[in-house]
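S.K.:
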Ligand code: DAH
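Numbering (my numbering), first residue to last: 5 to 347.
Below, the structure written as structure tokens:
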């Protein structure tokens, strides 16, 4: 019986029992609770007592031999696995390597930065917790001016001098930070997060993102503004994109305008997204009000400039046809996975 069993186990080895699991199965078959050896030990109990000594010795010998054989088999398999010679096919293609993707707002922000960088704008940043001066007063919002109500502000701290700490409601505050520290010519864009006390819905959120632009130099005109924005619109939405400027009002620009682009979904024919008008509003802009230049120490007789500001969520919605703002903030992988980009 011993010879037969050892031969059987040996055969398994010849068959290249290359998995450690196979060895374990063999062990269970012979040495497990319901294995052959156990059966023999049970039978042994019934053996006539005068034969017990001899049978017992043989049985133990058999058990040790089987144990040794299986252990040898296990070692052979392990060392084979470790050497990797038998198992690994080095010509196989590797397993898939999955990369994450950027958030759609980051993709679009980077794309906007890239577009303006090409024509000389540099990126500036300012604090998210601002003060009244940088968000309102220096931008020509008088204390009781109703324009302050245009933006529902989160107040952080009331201060005695009235220069209360607020979460910035727009990135226009970065215009002021830059004018304080730099001399013209100034040509900057400022991407960043802004905060407004708004109820969250498909179209509004209390946190969103803007990109601000500011250009100040000698002889900067409204024509320069138009040309810069037309360039941006074509780069962002395609060569055939048209723009139109509608008169508007902002305290810090005069004249002020709202810029529309021809609807990139219907090509201007009229659709749901552009509400059948053929146009989509994408940003506010205007010539920097001389009061703003003077409040920030820039001589408005020598210098002029233009500014513009747009919502990154809005641009992303138009670019990718996203219908609900809340999707940007829910981190649902099914949404986020759809965006791939070189940016
Ligand atoms: N700050 C404005 C807003 O949050 C957007 C804006 C309009 C920015 C006109 C500008 C500008 O720089 O010139 O709605």
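Built from N, CA and C at the ideal position, the CB exists for glycine as well.
Just so we're clear, the structure is a prediction, and the values are computed from it rather than from any experiment.
1) Report buried or exposed for residue 143, applying the criterion of at least 16 other Cβ atoms within 10 angstroms of its Cβ.
2) In the DSSP assignment, find the alpha helix (DSSP H) that holds residue 231 and state where it starts and stops.
3) Helix, strand or coil for residue 260, going by three-state DSSP, please let me know.
4) Can the beta-carbon of residue 159 be found closer than 8 Å to that of residue 167?
5) Could you tell me if the beta carbon of residue 311 falls within a distance shorter than 7 Å of some heavy atom in ligand 1?
6) Shortest alpha-carbon distance to residue 312 belongs to which of 303, 244, 274 and 179?
7) By alpha-carbon positions, which one of 125, 184 and 173 ends up nearest to residue 196?
8) Going by C-alpha to C-alpha distance, which of 320, 157 and 273 sits closest to residue 281?
9) What's the C-alpha gap between residue 339 and residue 221?
10) Please report how far the alpha carbon of residue 227 lies from the alpha carbon of residue 266, in whole angstroms.
11) Tell me whether residue 236 counts as near ligand 1, meaning its Cβ is closer than 7 Å to at least one heavy atom of that ligand.
12) Quick test of your reading: residue 310 and residue 289, contact by CB under 8 Å. State the CB separation rounded to the nearest angstrom.
13) Please decide whether residue 201 counts as near chain C, where near means a Cβ-Cβ distance under 8 Å.
14) Inspect the beta-carbon positions of residue 327 and residue 206 and report whether they are closer than 8 Å.
15) Counting C-beta neighbours from all protein chains within 10 Å, is the total for residue 250 16 or more, i.e. buried, or is it exposed?
16) Excluding the five sequence neighbours on either side, which residues of its own chain have a C-beta within less than 7 Å of the C-beta of residue 107, listed in chain order?
17) On the DSSP bridge assignment, give the partners of residue 170 in chain order.
18) Going straight from the alpha carbon of residue 170 to that of residue 271, what length do you get?
19) Between the C-alpha atoms of residue 56 and residue 42, what's the straight-line distance to the nearest angstrom?
20) Kindly indicate the opening and closing residues of the alpha helix (DSSP H) around residue 348.
21) Taking residue 219 as part of the beta strand (DSSP E), name the residues at either end of that continuous run.
22) Does the contact criterion of 3 or more C-beta pairs under 8 Å hold for the segment 50-67 versus the segment 97-115?
23) Alpha carbon to alpha carbon, how far is residue 329 from residue 317?
24) Mapping the DSSP letters down to three states, classify residue 332 as helix, strand or coil.
25) Using 10 angstroms around the beta-carbon of residue 123, count the other beta-carbons present and answer buried if the total reaches 16, otherwise exposed.
26) What do you get for residue 193, buried or exposed, if any count of 16 or more other CB atoms within 10 angstroms of its CB means buried?
27) Can you list, in chain order, the residues of its chain whose CB lies under 6 Å from that of residue 130, leaving out five sequence neighbours each side?
28) In this structure, does DSSP put residue 319 in helix, strand or coil?
29) Between residue 4 and residue 40, is the Cβ-Cβ spacing less than 8 Å?
30) Within 10 angstroms of its Cβ, does residue 102 collect 16 or more other Cβ (buried), or is it exposed?
31) What whole-angstrom Cβ distance do residue 120 and residue 236 have, given they're in contact under 8 Å?
32) Going by DSSP, which residues form a beta bridge with residue 191?
M.R.: To lay it out plainly:
1) buried
2) 226-241
3) strand
4) no
5) yes
6) 179
7) 173
8) 273
9) 43 Å
10) 19 Å
11) no
12) 7 Å
13) Given the protein chain composition of this structure (a single chain), no chain C is represented.
14) yes
15) exposed
16) 340
17) 134 and 159
18) 41 Å
19) 16 Å
20) Given a span of 5 to 347 for the chain in the structure shown, any question on residue 348 remains unanswerable.
21) 211-221
22) no
23) 7 Å
24) helix
25) exposed
26) buried
27) 177, 178 and 181
28) helix
29) Missing from the structure shown is residue 4; the chain here goes from 5 to 347 and no further.
30) exposed
31) 7 Å
32) 219
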